[in-house]
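Each position in the sequence shown, counted from 1, maps to that position plus 875 in the numbering used here.
Positions of the beta carbon are idealized from the N, C-alpha and C atoms, including for glycine.
For clarity, every value in this text was computed on a predicted model and none was experimentally measured.
Worksheet for the structure shown next.
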Amino acid sequence: MVESPAKAKTINKYLGNDYVVKSSVGHIRDLPTSGSASKKSADSTATKGAKSLKGRT
Numbered sequence: 876m877v878e879s880p881a882k883a884k885t886i887n888k889y890l891g892n893d894y895v896v897k898s899s900v901g902h903i904r905d906l907p908t909s910g911s912a913s914k915k916s917a918d919s920t921a922t923k924g925a926k927s928l929k930g931r932t
């Protein structure tokens with residue numbers, strides 16, 4: 876997860892089709908957490924957001 880769509884596109888070129896890089900189009904800390912008012916640590920959110928698509932077509 877990165878802030879800029881251009882950065883996401885560039886990083887995705889380096890990583891290849893085994894990974895998906897998404898852009899938040901804004902600061903990650905400023906985004907709502909799915910209607911939840913609780914604060915989550917940045918590490919746990921980043922870990923859950925990074926998914927490998929290895930083996931998918």
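Alpha-carbon spacing of residue i relative to residue j, whole angstroms
i           : j           : result
residue 901 : residue 879 : 7 angstroms
residue 896 : residue 882 : 9 angstroms
residue 892 : residue 886 : 11 angstroms
residue 894 : residue 888 : 10 angstroms
Beta-carbon contacts of residue i that lie in its chain and below 6 angstroms, excluding the five residues immediately before and after
i           : result
residue 884 : none
Cut-off 7 angstroms between Cβ atoms - residues of its own chain near residue i, not counting five sequence neighbours on either side
i           : result
residue 890 : 896
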